[in-house]
Amino acid sequence: MNTFEKAQIGKEAPEFKAQAYCPCGSIKEIDINEYKGKYVVLLFYPLDWTFVCPTEMIGYSEVAGQFKEINCEVIGVSVDSVYCHQAWCEADKSKGGVGKLGFPLVSDIKRCISIKYGMLNVETGVSRRGYVIIDDKGKVRYIQMNDDGIGRSTEETIRIVKAIQFSEEHGTVCPINWKTGKDTIEPTPEGIKKYLTTH
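To convert a position in the sequence shown, counted from 1, into the numbering used here, add 75.
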């Protein structure tokens, strides 16, 4: 994985090692290189203890098993300290906490990861609400970013991962609104003509 360049579609994902609060309740170092062989969703978000962020972390945690079923791991990333992550995960929802999550929360307290992945809001100094999908070979395949006030869709994230995997496996391309079981397109002039005349 590339240490120096910022994240670009089709290029190797920037390397990083960082402390994370993990689902088992422990703090440990995460090395993105150790995830090769799996797909990864790097889930950047502004801050713990805020408003949209807890709904997203809880929502992605609820479907963490669905990601694992498709050989994909979710990793949350914000600029909070690892101890802030711990307190947030140990706090009850009635107090603004998120409870036990099904994936680790990385502490990007030095902003290095957010900078490498183009996710740092330089005006506020916190991560933007975006995510990056890395494939099983360690390449960046998808980058998405929302306004801070707009939450993401777990269904759409899963759809994108499945589309990348299907296209990679079968050599076809996925048209608009593609879902598992729907037709794809042979990437040739004949292939698109056939698709357009039958859909």
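Even glycine gets a Cβ: it sits at the ideal position worked out from N, Cα and C.
What you are looking at is a predicted structure, and each value in this text was computed from that prediction instead of being measured.
* To do: Can you give me the start and stop residues for the beta strand (DSSP E) that R227 sits inside?
  => If you number the sequence shown from 1, residue 227 lands on position 152. Membership of R227 in any beta strand (DSSP E) is not indicated, and neither H nor E is assigned to it by DSSP.
* In terms of alpha-carbon separation, which member of N221, D223, I225, Y217 lies closest to K237? -> As a first step, residue 237 must be located in the sequence shown, where it is residue number 162. Per the Cα distances, Y217.
* What three-state label does DSSP hand N196 in the structure shown? -> Within the sequence shown, numbered from 1, the residue matching residue 196 stands at position 121. Here N196 sits in strand by DSSP.
* Report the option in P264, K175, V181, G177 whose CA atom is closest to the CA atom of D155. => Reading the sequence shown from its first residue, position 80 is the one you call residue 155. The option with the nearest alpha carbon to D155 is V181.
* **Reference E104, options T229, D123, A93, closest by Cα** => Position 29 of the sequence shown holds residue 104. Among T229, D123, A93, the Cα nearest to that of E104 belongs to A93.
* Output the distance between the C-alpha atoms of I251 and E244, rounded to the nearest integer angstrom. => Position 176 of the sequence shown holds residue 251. Position 169 of the sequence shown holds residue 244. Computed Cα separation, rounded: 19 Å.
* Alpha carbon to alpha carbon, how far is R234 from P179? Give it in angstroms, no decimals. => Walking along the sequence shown from the start, residue 179 turns up at place 104. Walking along the sequence shown from the start, residue 234 turns up at place 159. A straight-line Cα-Cα distance of about 22 Å links P179 and R234.
* Among the residues of its own chain, which have a CB less than 8 Å from the CB of I84, if the five just before and after it don't count? -> Reading the sequence shown from its first residue, position 9 is the one you call residue 84. Contacts found: V215, R216, Y217, I218.
* Asked: Per DSSP, K92 forms a beta bridge with which residues?
  -> Here residue 92 refers to the residue found at position 17 of the sequence shown. In the DSSP output, where bridge partners are listed per residue, K92 has D106.
* Round the Cβ separation of T259 and V248 to the nearest angstrom and send it over; I've been treating them as touching at under 8 Å. => Start at 1 with the first residue of the sequence shown, and residue 259 comes out as number 184. Start at 1 with the first residue of the sequence shown, and residue 248 comes out as number 173. Right, the Cβ-Cβ distance comes to about 6 Å (below 8 Å), so this counts as a contact.
* Asked: Which runs of the beta strand (DSSP E) fall wholly inside the region 143-200 and span at least 3 residues, in chain order?
  -> Complete beta strand (DSSP E) runs here, min 3: 147-153, 180-182.
* To do: Using alpha carbons as the reference points, say which of A88, T130, K269, A82 lies closest to T229.
  => Taking the first residue of the sequence shown as 1, we reach residue 229 at position 154. Nearest C-alpha to T229: T130.
* Asked: Near K254, what residues of its chain come up, given a Cβ to Cβ distance below 7 Å and the 5 sequence neighbours on each side ignored?
  -> Locating residue 254 in the sequence shown gives position 179, counting from the first residue. If we look at K254 and ignore the five residues flanking it on each side, its Cβ neighbours are R234.
* Asked: For A82, which residues from the same chain have a beta carbon less than 7 Å from its beta carbon, with the 5 sequence-adjacent residues on both sides left out?
  -> Locating residue 82 in the sequence shown gives position 7, counting from the first residue. Cβ within range, chain order: A88, P89, K191, Y192, G193, V207, V215, I218.
* Should Y120 and R204 be called a contact, given that it needs their Cβ atoms to be closer than 8 Å? -> Along the sequence shown, one-based indexing puts residue 120 at 45. Along the sequence shown, one-based indexing puts residue 204 at 129. Taking C-beta atoms as the reference points, Y120 and R204 count as a pair closer than 8 Å.
* To do: Report the three-state DSSP secondary structure of S101 (helix, strand or coil).
  => The residue given as residue 101 occupies position 26 in the sequence shown. In this structure, S101 counts as coil in the three-state DSSP scheme.
* Would you mind reading off the limits of the alpha helix (DSSP H) that contains G266? => Along the sequence shown, one-based indexing puts residue 266 at 191. Start and end: 264-273.
* Can the beta-carbon of K86 be found closer than 8 Å to that of D211? -> Looking up residue 86 in the sequence shown gives position 11. Looking up residue 211 in the sequence shown gives position 136. Going by C-beta atoms, K86 is not nearer than 8 Å to D211.
* Asked: Who are the near neighbours of G172 in its chain, counting only those whose CB is closer than 6 Å to its CB and skipping five residues on each side?
  -> By 1-based counting over the sequence shown, the position of residue 172 is 97. Only residues of its own chain outside the window of five on either side were considered, and among them W163, A166 have a CB closer than 6 Å to the CB of G172, listed in chain order.
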